[in-house]
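If you're matching positions, the sequence shown starts at -14 in my numbering and goes up one per residue.
In what follows, a structure is listed as structure tokens, so that the remarks can point back to it.
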Amino acid sequence: MPHADIPDLISDEHSNPALVTNVQGQSRVLLVCEHASHHIPERYAGLGMMDADKMSHAAWDPGACAVAERMSEILDAPLLVSTVSRLVYDCNRPPTSAGAIRAISEQIAVPGNVSLTTAEQIERVEMVYEPFKQMLTKTIKSFALSPILVTIHSFTRTYNDKRRDVDIGFIHDVDARLAKIMVDMSGQRLGLKYAMNEPYSKADEVAHTLELHGTDNGLVNVMVEICNDLIETTEQQALIAQMLVDLLKTSLDTLNEDLSCGGAKC
């Protein structure tokens, strides 16, 4: 099953692989969760994977959608999510990326993604990526003022047998301002370790949404990566969501002050 609040939207060709909630939200923040669901539509026959692998972090970002939903509530901000597992198609990758449809993900084999024909790859793009892209474009245009684009992700504590010490990372595209301020202002919040461009950076090809929908539209943007052992329970998700909202608000206030002063002291 996908996350409880994400319906099975593409069981057939008539359904939508992307969902916007709180579309009338009054915040200038636009939240996005590209890896919100581990749902694999029936048409793809489970991609030939074992049930445990289909529930693993290779298939989605556990806890990320729940945190994004709580942030949406607190901020009164629109939230756009993908309702399809990234193993079907990773909406944070362009169609030209080898990582958009992986045959192996985090050492987990994905038989249903092996030796796809060009037509099968195009079908994934048209069924999953293009509707997500179009809905995000439409949502951005619906804002009266340019929104602040914030994408929410989670990562595993151990990856390829290597432990990661960072708890929350802030990743940026070419515009590092908001990510840098959030790291600088994070301090000792909840006693966690914060870093910029960890555990991933633009060099790892994780900034597609930020670039295409943020940078190319002149929007302030940032990606938030949360270690998923910090957001396993409802209580943890609420705590991290509130902390991120507080940090985001403070950081945006600081960014606005810097912009109004032309980068100099007022």
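Backbone N, C-alpha and C fix where the C-beta goes; we use that ideal spot for every residue, glycine too.
(message) Assuming residue 139 and residue 243 are in contact, meaning their beta carbons sit under 8 angstroms apart, how far apart are those beta carbons, in whole angstroms?
(response) With a contact defined as Cβ atoms closer than 8 angstroms, residue 139 and residue 243 miss out at about 29 angstroms.
(message) With distance defined between alpha-carbon atoms, name the residue in 229, 31, 66 and 210 nearest to residue 72.
(response) 31
(request) Sort out for me which residues DSSP pairs residue 153 with in a bridge. (result) 179 and 211
(request) Whole angstroms is fine: what's the gap from residue 240's alpha carbon to residue 155's? (result) Using only the alpha carbons, I get a separation of about 15 angstroms.
(request) Can you say whether residue 60 is buried or exposed, counting buried as having 16 or more other CB atoms within 10 angstroms of its CB? (result) buried
(request) Put residue 101 into one of helix, strand or coil per three-state DSSP. (result) coil
(message) Going by DSSP in three states, residue -12 sits in which element: helix, strand or coil?
(response) At residue -12, the pLDDT of 39 sits below 50, so the modelled position is not reliable; the number obtained from the coordinates is stated separately. Here residue -12 sits in coil by DSSP.
(message) residue 216 and residue 84 - do their beta-carbons sit closer together than 8 angstroms?
(response) At least 8 angstroms separates the beta-carbon of residue 84 from that of residue 216.
(request) Can you give me the start and stop residues for the alpha helix (DSSP H) that residue 59 sits inside? (result) Boundaries of the alpha helix (DSSP H) harbouring residue 59: 49 to 60, taken from the DSSP string.
(request) Verify the CB distance criterion: does residue 113 have a CB-CB separation below 8 angstroms to chain C? (result) The structure shown contains no chain C; it holds only a single protein chain.
(message) Starting from residue 67, trace the beta strand (DSSP E) in both directions and tell me its first and last residue.
(response) 64 to 67
(request) Spell out the partners DSSP gives residue 3 in its beta bridges. (result) 67
(request) Can you give me the start and stop residues for the alpha helix (DSSP H) that residue 139 sits inside? (result) Counting along the chain, residue 139 falls outside any alpha helix (DSSP H), though it belongs to the beta strand (DSSP E) covering 133 to 140.
(request) Can you grab the Cα-Cα spacing for the pair residue 164 / residue 100, in whole Å? (result) 38 angstroms
(message) Closer than 8 angstroms is the cut-off here; do at least three beta carbon pairs connect the segment 122 to 135 with the segment 167 to 182?
(response) no
(message) Going by beta-carbon coordinates alone, are residue 230 and residue 208 separated by less than 8 angstroms?
(response) no
(message) To the nearest angstrom, how far is the alpha carbon of residue 98 from that of residue 105?
(response) 10 angstroms
(request) Output yes or no for whether 8 angstroms exceeds the beta carbon distance between residue 44 and residue 70. (result) yes
(request) Measure the alpha-carbon distance for residue 57 versus residue 142 and round it to whole angstroms. (result) Rounded to whole angstroms, the gap between the alpha carbons of residue 57 and residue 142 is 25 angstroms.
(request) Return the chain-ordered list of same chain residues with a C-beta closer than 7 angstroms to the C-beta of residue 237, the five sequence neighbours on each side being excluded. (result) By the criterion of a C-beta distance shorter than 7 angstroms, residue 237 is surrounded in its chain by 133, once the five residues flanking it on both sides are discounted.
(request) Would you mind stating whether residue 146 and residue 196 have Cβ atoms separated by less than 8 angstroms? (result) no
(request) Hey, could you find the ends of the alpha helix (DSSP H) residue 16 is sitting in? (result) Note, residue 16: premise wrong, no alpha helix (DSSP H); beta strand (DSSP E) at 14 to 18.
(message) Just list the residues that DSSP pairs residue 93 with in beta bridges.
(response) 90
(request) Quick one: give me the first and last residue of the alpha helix (DSSP H) that residue 121 is part of. (result) 115 to 126
(message) According to DSSP, simplified to helix, strand and coil, what is residue 30?
(response) helix
(message) Within a Cβ cutoff of 7 angstroms, which residues of the same chain sit near residue 186, ignoring the five residues on either side of it in sequence?
(response) 156
(message) Would residue 233 and residue 135 qualify as a contact pair, given that the criterion is a beta-carbon distance under 8 angstroms?
(response) yes
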